Amino acid sequence: MTRRLYYEDEYLGQFDATVRECRPKSEGKWIVLLDQTAFFPEGGGQWPDLGTLGGANVLDVHERNGEVEHLVDAELTPGVQVHGCIDWERRFSVMQQHSGEHIFSGLVHSRFGYDNVGFHIGSEAVTMDFNGEITEKEAAEIELAANRVIYSNVPIEHFIPDEETRQTLEYRSKKEIEGDLRIVRIPGADTCACCGTHLRRTGEIGQIRLLGVQKYKSGVRVSILCGLRALMAERQVQAEMEKVHRLLSSRPENCAAVVKQLLDERKDLQYQNGQMAMQFFERQAQEEQGQAVRVVHCDALTGDGVARAAGKLSEGAELALVTGGAGDDVMFALCSGQMDVRPLTRAFCQAFSGKGGGKPDMTQGKIRRMETETLRKWLQENR
Ligand SMILES: [Zn+2]
Numbered sequence: 061m062t063r064r065l066y067y068e069d070e071y072l073g074q075f076d077a078t079v080r081e082c083r084p085k086s087e088g089k090w091i092v093l094l095d096q097t098a099f100f101p102e103g104g105g106q107w108p109d110l111g112t113l114g115g116a117n118v119l120d121v122h123e124r125n126g127e128v129e130h131l132v133d134a135e136l137t138p139g140v141q142v143h144g145c146i147d148w149e150r151r152f153s154v155m156q157q158h159s160g161e162h163i164f165s166g167l168v169h170s171r172f173g174y175d176n177v178g179f180h181i182g183s184e185a186v187t188m189d190f191n192g193e194i195t196e197k198e199a200a201e202i203e204l205a206a207n208r209v210i211y212s213n214v215p216i217e218h219f220i221p222d223e224e225t226r227q228t229l230e231y232r233s234k235k236e237i238e239g240d241l242r243i244v245r246i247p248g249a250d251t252c253a254c255c256g257t258h259l260r261r262t263g264e265i266g267q268i269r270l271l272g273v274q275k276y277k278s279g280v281r282v283s284i285l286c287g288l289r290a291l292m293a294e295r296q297v298q299a300e301m302e303k304v305h306r307l308l309s310s311r312p313e314n315c316a317a318v319v320k321q322l323l324d325e326r327k328d329l330q331y332q333n334g335q336m337a338m339q340f341f342e343r344q345a346q347e348e349q350g351q352a353v354r355v356v357h358c359d360a361l362t363g364d365g366v367a368r369a370a371g372k373l374s375e376g377a378e379l380a381l382v383t384g385g386a387g388d389d390v391m392f393a394l395c396s397g398q399m400d401v402r403p404l405t406r407a408f409c410q411a412f413s414g415k416g417g418g419k420p421d422m423t424q425g426k427i428r429r430m431e432t433e434t435l436r437k438w439l440q441e442n443r
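Going by the numbering used here, the sequence shown opens with residue 61, and the numbers climb by one from there.
Here it is as structure tokens:
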């Protein structure tokens, strides 16, 4: 069995050990067993440690049959002593996220009684799934309380309770645990069964930042970031906001008002654009008067405008087609008060690489952009 140095000293970043076994795993990869290790194997939502072992890179660490297996990219010789070096920046960040998660989950548990049923350290955020719903406002209150626990800088304790204590101790647990029960306790925040590594004091977490709350299964998924990762994410958001402020030439405090004004202006312009498109359409429609098959194209018509225009154009006509849009594909609406246009639409779409459908008196869809006269000729021949 490997001696777990990470439980004896969670801050051990370097150590010496003897190689007990080294067996090939796949092309260029070996599995190494040591007499002792400070490399934490993946477990309980905590990432495995990476780093170097002798002259090899440690690519992954797993626990199997009570052993800690190090996946490395160079062969090591059994019996030889090697120096292990853990990627400390990564491990410390993981401990910040993990310790922060304990505080947040512990506070949710004591206030709402919900359990954390899924914990994941992702590349974007740390997520916790709770088996009950909390609102964004409640999550923000927990965020504040959690940060107060950080500022109080209380020690994070570990202990293995004796059988008697175990019977009466109240703790959070993800599953029934057999054998030694390792408890992590953060006074005022959490008591939980956990086999991960944690910081010595809450102050080292630095900060917990709530990113969001989403409905998930029968509860919620809460996303947070802790420590330096929270700072880095904040910087990214700030950099984006600065770009927005520069684009808007606005000060941060009235940025929302400027965006609102722009959106209102956009809405007005869209309305004016729609009006002009309809005016243009009506002039075109005038010229179609008297024709049995009427066809009008208008670049500025989109969406509902195309259907409305086709409805108008069809008054007194056998068949009316309106196409709209400025791209290579245009929207169309085919309309008739006298015939079911659906069979014709199928052939029409086939002829002009499009697709569409609808009701007997009107179909809508998209086709390749075509000359108006080409479309008219086709409709006259195929109606
Ligand atoms: Zn833990």
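Just so you know, even glycine gets a beta-carbon here, dropped at the ideal spot from N, CA and C. Predicted model, so just to flag it, every value in this text is computed and none were measured.
Quick one: is residue i buried, meaning 16 or more other Cβ sit within 10 Å of its Cβ, or exposed?
{"i": "M336", "result": "exposed"}
{"i": "R151", "result": "buried"}
{"i": "R436", "result": "buried"}
{"i": "G139", "result": "exposed"}
{"i": "A185", "result": "buried"}
{"i": "R311", "result": "exposed"}
{"i": "E203", "result": "buried"}
{"i": "M61", "result": "exposed"}
{"i": "D250", "result": "buried"}
{"i": "V118", "result": "buried"}
{"i": "Q332", "result": "exposed"}
{"i": "T383", "result": "buried"}
{"i": "V297", "result": "exposed"}
{"i": "R354", "result": "buried"}
{"i": "H130", "result": "buried"}
{"i": "N207", "result": "buried"}
{"i": "T423", "result": "buried"}
{"i": "G287", "result": "buried"}
{"i": "L270", "result": "buried"}
{"i": "S159", "result": "buried"}
{"i": "G385", "result": "buried"}
{"i": "A407", "result": "exposed"}
Looking only at its own chain, which residues have a Cβ that is under 6 Å from the Cβ of residue i, when we skip the five neighbours before and after it?
{"i": "Q398", "result": "E378"}
{"i": "H218", "result": "V244"}
{"i": "C145", "result": "Q74, G111, T112"}
{"i": "L229", "result": "P221"}
{"i": "Q274", "result": "R281"}
{"i": "F100", "result": "Y66, D109, T257"}
{"i": "G178", "result": "D189"}
{"i": "Q344", "result": "V356"}
{"i": "H20", "result": "Outside the displayed span of the chain (61 to 443) sits residue 20, for which this structure offers no information."}
{"i": "D120", "result": "P108, L131"}
{"i": "G417", "result": "T423"}
{"i": "K415", "result": "C409, G425"}
Please report the Cβ distance between residue i and residue j, rounded to the nearest whole angstrom; I am assuming they are in contact, meaning their Cβ atoms lie under 8 Å.
{"i": "R242", "j": "I220", "result": "6 Å"}
{"i": "F340", "j": "V366", "result": "Contact flag wrong, Cβ pair sits at about 13 Å."}
{"i": "G248", "j": "G104", "result": "Their Cβ separation, rounded to whole angstroms, is 22 Å, which puts G248 and G104 out of contact at 8 Å."}
{"i": "R281", "j": "C252", "result": "In fact, because the Cβ distance is near 19 Å, the residues do not count as touching under 8 Å."}
{"i": "N442", "j": "L381", "result": "That belief does not hold up - the Cβ atoms of N442 and L381 are roughly 12 Å apart, past 8 Å."}
{"i": "V390", "j": "I427", "result": "6 Å"}
{"i": "Q267", "j": "A290", "result": "5 Å"}
{"i": "L93", "j": "G114", "result": "Not quite, the Cβ-Cβ distance comes to about 13 Å (not below 8 Å), so this is no contact."}
{"i": "H258", "j": "E70", "result": "7 Å"}
{"i": "I181", "j": "Q157", "result": "5 Å"}
{"i": "H122", "j": "E149", "result": "Between E149 and H122 the Cβ distance is about 22 Å, and since that is not below 8 Å, they are no contact."}
{"i": "W107", "j": "V154", "result": "5 Å"}
{"i": "D388", "j": "R429", "result": "5 Å"}
Taking 8 Å as the limit between beta carbons, can you name the residues of its chain near residue i, skipping five residues before and five after?
{"i": "L65", "result": "L72, F75, Q96, T97, A98"}
{"i": "N176", "result": "E161, S165, V168, H169, M188, D189, F190, R232, K234"}
{"i": "E300", "result": "none"}
{"i": "G88", "result": "D133"}
{"i": "L308", "result": "C315, V318, V319, L322"}
{"i": "Y276", "result": "D189"}
{"i": "A205", "result": "L167"}
{"i": "I163", "result": "A206, V209, I210, I246, A249, D250, T262, I265, I268"}
{"i": "N213", "result": "R261, T262, G263"}
Apart from the five residues on each side of it in sequence, which residues of its chain come closer than 7 Å, Cβ to Cβ, to residue i?
{"i": "R226", "result": "L241"}
{"i": "P215", "result": "R260, R261"}
{"i": "C254", "result": "G104, R242, V244"}
{"i": "G279", "result": "Y174, D189, F190, N191, G192, E193"}
{"i": "S58", "result": "Beyond the ends of the chain as shown, which are 61 and 443, falls residue 58; an answer cannot be given."}
{"i": "A116", "result": "V132, D133, A134, L136"}
inquiry  = Assess contact between the segment 313-323 and the segment 359-376, defined as three or more Cβ pairs (one per stretch) separated by less than 8 Å. Is contact present?
reply    = The segment 313-323, when compared against the segment 359-376, does not touch it at the 8 Å Cβ threshold.
key: Cβ pair count under 8 Å reaching 3, the segment 280-295 against the segment 188-206   = Contact holds: three or more Cβ-Cβ distances are below 8 Å.
request  = Go through the residues and name those whose CB comes closer than 7 Å to any heavy atom of ligand 1, in chain order.
outcome  = Here the list is G104, H158, H162, V244, C252, C254, G256, H258.
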